[in-house]
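Below is one structure, written out as structure tokens, with a few remarks after it.
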Amino acid sequence: MKRLQENRIDQISKYLQASKLDPELLPEILDHLACEAEESLWDGKSFEQIYQDMVKTADAQTLLNLSVDHQNLLAMEKSLNDIVFENRNKSYGAYDLRKGYGQTVQRAVVMGVAFFLLLVMFPQLYAKLIPDPKPNDIAYIVEASPVDIVMEEPPAPPPAKEELETVQKTVKSLTPEVLPDDKVEIEELPPVIEDLSNAQPSTETVDGVENIETIAPPVANVPAAKAEAAGIEPKKEETFTFVEQSPQYAGGNEAMAAFLRKNLKYPRPASQAGIQGKVFVQFTVGSDGKIENAAAVKGIGFGCDEEAVRVVKMMKDWMPGKQAGVPVRVRFTLPIAFQLD
Amino acid sequence: MENNTTSNEYVRGTLKTIVLNLLAEHDRMYGYEITQEVKDRTGGAIALTFGALYPVLHKLEQEGLLLTESVEVDGRLRKYYSLTHRGNETARTKTNDLERFIEAVRLLLAPKNLATE
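Same order as they appear, the protein sequences are chains C and H.
Residue numbers for the first sequence, in the working numbering: 3 to 343.
Residue numbers for the second sequence, in the working numbering: 3 to 119.
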């Protein structure tokens, strides 16, 4: 195959450029025409003749049509942005921003959705990540608890006895300090006032005539009045809370504890429910040493209260409390401990 | 020349199929090679002008049926065309369609010829 000389190719190229062929199409058309020309050269035609034929077939109109076709094809690919920015400064930046807008929005949506999902899922993720430490915490607590249980059981019985003793002690120590003042004032003052008016009549039966002389005796009678007052008080059956000598179970605390131990039965409902604790039974020890008005003041239920009251009522031999040597009614509160062994 | 013009009228509708079919037979071809192939195989009955061929090639390329590669040959840039995977499928269906159409046209033309005779 004969090859076209450089200057011939240049000539064709110049012709195509002069015909305003689209620069993008030029290399391809040039190659095509050159191939045709070479083929013709092979057939023995002169270049001049070939060039004439070429200009005839590839006339300006044909080349223009090619260019227009190509432009139309490109126009279909062109976006709105290309049309808007045609003949404008594309390097300014707005063109790039507009061109990448679709991608930017897509990326933003993906990131936004991902962030939102992460936010919504965060509690679940957190719950999935955190539970590991929890079992360890519980394990430590379990180790510590049995020690507490051992501690609780043994010390429970002693407090019951101690409290019984403390009650008695406090009663004894308090009586001389506080009670005499109250009682002396309340019970002895009225007699003193009455002595001025009523004492005279009461003593009048004996000393009725000696009114004038009795002005001095009433002063002397005051102690006598006291004795009478003390005698009258038990008759009124006034109930004391604190007395000089508190009532006591015949035989002492040891005997009472033994009695309770012997007669107290643990109520079945309480033992089944595992109920423990103290029942405070309040009762009155009469001046004759009998138990009256026994009632549970504070209890633990499950039949323990009733049982405690029942046993307390069973007790008979109490030594009554004494005030100024005279047996009196005393209200007494006895804590009874129910303890499961 | 007369022959060419008449054939050009029919070629316009079938050119796309012809090009696809030729490219399906070859790995890659350039524009002039296609015109020569058509010319040789039809004995010159169908002559493709570059004015008709290149717009079709460019259109097929834009539709994603053809791939192009430029190779420098003898100091000139030569643009080779080859079929994409989708182009292969399209070539097959289009060729089948054209064959069926030609059969139909033949059926249409045959009775007329018989009647006139």
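By construction, the Cβ of each residue, glycine as well, lies at the ideal position given by its N, Cα and C atoms.
Problem - Closest by C-alpha distance to residue 71 (chain H), when choosing among H:79, H:16, H:64 - result: H:79
Problem - Min CB distance residue 10 (chain C) to chain H below 8 Å - result: no
Exercise for the section: With 8 Å as the C-beta to C-beta threshold (strictly closer), list the residues of the stretch 16-38 of chain C near chain H in chain order. Expected result: With the criterion set as a beta carbon lying under 8 Å from some beta carbon of chain H, the members of the stretch 16-38 of chain C are 27, 29, 30, 31, 32, 33, 34, 35, 36, 37, 38, in sequence order.
Handout entry: Exposure label - residue 114 (chain C); buried when at least 16 CB within 10 Å
Key = exposed
Handout entry: Member of H:14, H:13, H:108, H:22 whose CA lies at the smallest distance from the CA of residue 85 (chain H)
Key = H:22
Exercise for the section: Would you check if the distance between the CB atom of residue 332 (chain C) and the CB atom of residue 242 (chain C) is smaller than 8 Å? Expected result: yes
Handout entry: CA nearest to the CA of residue 334 (chain C), picked from C:322, C:34, C:98
Key = C:322
Problem - Option nearest residue 281 (chain C) by Cα separation, candidates C:64, C:11, C:262, C:255 - result: C:262
Practice task
Could you check what DSSP says for residue 312 (chain C) in three-state terms: helix, strand or coil?
Solution key: Looking at residue 312 (chain C) - three-state DSSP - the assignment turns out to be helix.
Exercise for the section: Might you give, ordered along the chain, the residues of its own chain that have their beta carbon closer than 8 Å to the beta carbon of residue 269 (chain C), omitting 5 neighbours on each side? Expected result: 304, 305, 306, 308, 309
Practice task
Kindly indicate if chain C contains any beta-carbon less than 8 Å away from that of residue 18 (chain H).
Solution key: no
Handout entry: Per-residue DSSP class, three states only, for residue 75 (chain C)
Key = Of the three classes helix, strand and coil, the one that applies to residue 75 (chain C) here is helix, per DSSP.
Practice task
With 8 Å as the threshold, decide whether the Cβ of residue 55 (chain C) is near any Cβ in chain H.
Solution key: no
Handout entry: Contact check, residue 98 (chain H) vs residue 26 (chain H), beta carbons under 8 Å
Key = no
Practice task
State buried or exposed for residue 33 (chain C), treating a residue as buried only when at least 16 other CB atoms are found within 10 Å of its CB.
Solution key: Burial call: buried.
Exercise for the section: Identify which residue in H:73, H:38, H:87, H:47 has its Cα closest to the Cα of residue 10 (chain H). Expected result: Considering only H:73, H:38, H:87, H:47, the residue with the shortest C-alpha distance to residue 10 (chain H) is H:47.
Practice task
Starting from the C-beta of residue 29 (chain H), find all residues in its chain whose C-beta is less than 7 Å away, skip the five residues before and the five after it, and write them out in chain order.
Solution key: 84
Exercise for the section: Write down every uninterrupted run of the alpha helix (DSSP H) in the stretch 16-43 of chain H whose length is 4 residues or greater and which is fully enclosed by it, in chain order. Expected result: 33-43
Handout entry: For residue 48 (chain C), the three-state DSSP class (helix, strand or coil)
Key = coil
Practice task
Determine, using beta carbons only, whether residue 302 (chain C) and residue 277 (chain C) come nearer to each other than 8 Å.
Solution key: Yes, they are a contact pair.
Problem - From C:79, C:292, C:264, residue whose alpha carbon lies closest to that of residue 250 (chain C) - result: Out of C:79, C:292, C:264, C:292 has the C-alpha closest to the C-alpha of residue 250 (chain C).
Handout entry: Beta-carbon proximity check, residue 81 (chain H) vs residue 34 (chain H), cutoff 8 Å
Key = no
Problem - Any chain H beta carbon closer than 8 Å to residue 71 (chain C) - result: It does: the Cβ of residue 71 (chain C) has a partner Cβ on chain H nearer than 8 Å.
Exercise for the section: Could you tell me the boundaries of the beta strand (DSSP E) in which residue 302 (chain C) lies? Expected result: Note, residue 302 (chain C): premise wrong, no beta strand (DSSP E); not H, not E.
Practice task
Show which residues of chain C have a CB atom less than 7 Å away from the CB atom of residue 76 (chain H).
Solution key: 5
Practice task
Report yes if the C-beta distance between residue 57 (chain H) and residue 71 (chain C) is below 8 Å; otherwise report no.
Solution key: With contacts defined as CB atoms closer than 8 Å, residue 57 (chain H) and residue 71 (chain C) qualify as a contacting pair.
Handout entry: Min CB distance residue 67 (chain C) to chain H below 8 Å
Key = yes
Handout entry: Residue range of the beta strand (DSSP E) that includes residue 329 (chain C)
Key = 328-340
Practice task
Taking C-beta pairs closer than 9 Å, name the residues in chain C that residue 30 (chain H) reaches, listed in chain order.
Solution key: Neighbours of residue 30 (chain H) on chain C: none; closest Cβ ~14 Å, over 9 Å.
Practice task
Return the first residue and the last residue of the beta strand (DSSP E) that residue 243 (chain C) is part of.
Solution key: Secondary structure note for residue 243 (chain C): it is in no beta strand (DSSP E), with a DSSP letter that is neither H nor E.
Problem - 8 Å Cβ cutoff, residue 106 (chain C) in contact with chain H - result: no
Exercise for the section: Can you have a look at residue 325 (chain C) and say buried or exposed, based on whether 16 or more other CB atoms are within 10 angstroms of its CB? Expected result: buried
Practice task
In the DSSP assignment, find the unbroken alpha helix (DSSP H) run with residue 56 (chain H) in it and report its ends.
Solution key: For residue 56 (chain H), the enclosing alpha helix (DSSP H) covers residues 52-64.
Practice task
Could you pull out every residue in the same chain whose Cβ sits closer than 8 Å to the Cβ of residue 31 (chain C), ignoring the five residues on either side in sequence?
Solution key: 18, 23, 60, 65, 68
Problem - Partner residues on chain A for residue 79 (chain H), Cβ-Cβ distance less than 7 Å - result: Among the protein chains of the structure shown, namely C and H, there is no chain A.
Handout entry: C-beta neighbour in chain C for residue 34 (chain H), strict 8 Å
Key = yes
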